[in-house]
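Here is the structure we will look at.
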DNA sequence: TATTAAATAGGAGTAATTACTATTTGTCAA
DNA sequence: TTGACAAATAGTAATTACTCCTATTTAATA
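Pasting the structure below:
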């Protein structure tokens with residue numbers, strides 16, 4: 005997995021720094037959809053002097069080259085998605101928690117022609133909304 | 005339409021104030037997916053002394069009772085959706101603009117059983133990502 | 001191992017949102 | 001109608017999330 009990291013970094017001309025390595029490692033084992041601050045707090049235990057800006061910029065850089073994804077956050081702070089396999093989201097409108105799920109039937113649905121004609125489509129995701137058991 | 009507003013307000017025990025009436029009217033004619041500040045700027049022409057907090061709280065209140073919807077915003081500021089008809093979104097990862105579209109094939113897809121069992125589902129939406137012509 | 005462009009830490013600045021408080025207003029029951 | 005009261009408002013302060021700036025350090029390369 006970290007081999008992946010070095011390889012992907014070289015692919016995109018990103019320098020491999022200890023900070024970036026640590027951030028990426030945290031992402032691969034992250035609880036669901038961490039915020040920049042979640043990652044910052046965790047990486048600080050290893051690099052007490054790391055700045056929030058470094059963490060945040062690194063996450064945005066990773067997202068820019070496609071190593072992670074920025075996901076919908078409904079007005080709260082930005083969340084990152086380390087899971088790049090095709091999948092879908094359940095979003096709890098109560099607590100804002102996002103749960104990944106897989107469902108083959110959604111994966112291969114066709115893009116409507118009036119969208120594929122107007123836009124350059126790179127992906128799609130079903131977002132199901134509702135309440136989790138804690139919020140009912 | 006404004007009759008709707010009075011009716012819905014009473015349904016949810018919301019007091020009908022001139023400020024709320026104006027905000028709702030702006031929403032019904034809004035350009036796509038206004039932010040709280042968009043609405044604030046517009047309502048200020050009618051109520052120069054209205055506070056941002058009133059506008060923001062009102063929008064959240066409307067969303068809470070289901071008169072509008074809060075939509076995915078990928079880390080930028082919160083956006084509101086006045087269109088309650090079943091529809092889907094194209095999201096431009098370049099400029100962040102969200103375009104509504106209708107597509108019957110997506111509307112009646114079944115919710116996977118492992119989701120409907122775990123959660124109380126209230127809605128679903130296909131979110132297609134990519135670049136608009138301005139951002140390619 | 002010297003060069004150089006990129007990355008970092010630290011802090012300042014900005015934008016979006018939320019909290020607080022005194023005052024005003026809409027609703028409902030008498 | 002009117003009076004009581006809970007809810008809503010304006011104005012402002014505070015907080016949170018994010019971005020920008022600059023001097024210094026570091027990774028990649030040749």
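Protein chains in written order, with our numbering: chain A, 5 to 140; chain B, 5 to 140. Glycine included, every Cβ here is placed at the ideal spot set by N, Cα and C.
Quiz item: Got a sec, what are the start and stop residues for the beta strand (DSSP E) residue 27 of chain B sits in?
Solution: Careful: residue 27 of chain B lies outside any beta strand (DSSP E), inside the alpha helix (DSSP H) at 22-32.
Quiz item: Candidates B/76, B/114 and B/25: which alpha carbon is nearest residue 51 of chain B's?
Solution: B/25
Exercise. Check the Cβ-Cβ distances between residue 78 of chain A and every residue of chain B, and say whether any is below 8 Å.
Key: yes
Exercise. Report the residue from B/80, B/28 and B/132 whose alpha carbon sits nearest the alpha carbon of residue 91 of chain B.
Key: B/132
Self-check item: Buried versus exposed call for residue 56 of chain A [16 or more other C-beta atoms within 10 Å across all chains shown]
Solution: exposed
Quiz item: Between residue 119 of chain A and chain B, is there a C-beta pair that is closer than 8 Å?
Solution: yes
Practice problem: Would you list, in chain order, the members of the segment 57-82 of chain B that have their beta-carbon closer than 8 Å to a beta-carbon of chain A? | Solution: 74, 75, 76, 77, 78, 79, 81 and 82
Practice problem: Between the Cα of residue 69 of chain B and those of B/17, B/111 and B/130, spot the shortest distance and give me the residue it belongs to. | Solution: B/17
Quiz item: Using a beta-carbon distance below 8 Å, is residue 27 of chain A in contact with chain B?
Solution: no
Self-check item: Minimum length 4: unbroken alpha helix (DSSP H) runs contained in the segment 36-121 of chain A
Solution: 40-48, 56-68 and 108-111
Quiz item: Name the DSSP beta bridge partners of residue 129 of chain B, please?
Solution: A/131
Self-check item: Buried versus exposed, by CB contacts within 10 Å (16 or more), residue 83 of chain B
Solution: buried
Quiz item: Which of the residues in the segment 98-117 of chain B, read from start to end, lie with their CB under 9 Å from any CB of chain A?
Solution: 103, 105, 106, 107, 109, 110, 113, 114, 115 and 116
Quiz prompt | Of the listed residues A/107, A/116 and A/46, nearest to residue 89 of chain A (C-alpha basis) | solution = A/107
Quiz item: Are any of the Cβ atoms in chain A nearer than 8 Å to that of residue 126 of chain B?
Solution: yes
Quiz item: Counting pairs of Cβ atoms below 8 Å between the segment 69-79 of chain B and the segment 93-108 of chain B, do you hit three or more?
Solution: yes
Quiz item: Mind checking residue 85 of chain B: buried by the 16 CB within 10 Å criterion, or exposed?
Solution: buried
Quiz item: Does the beta carbon of residue 31 of chain A sit closer than 8 Å to a beta carbon anywhere in chain B?
Solution: no
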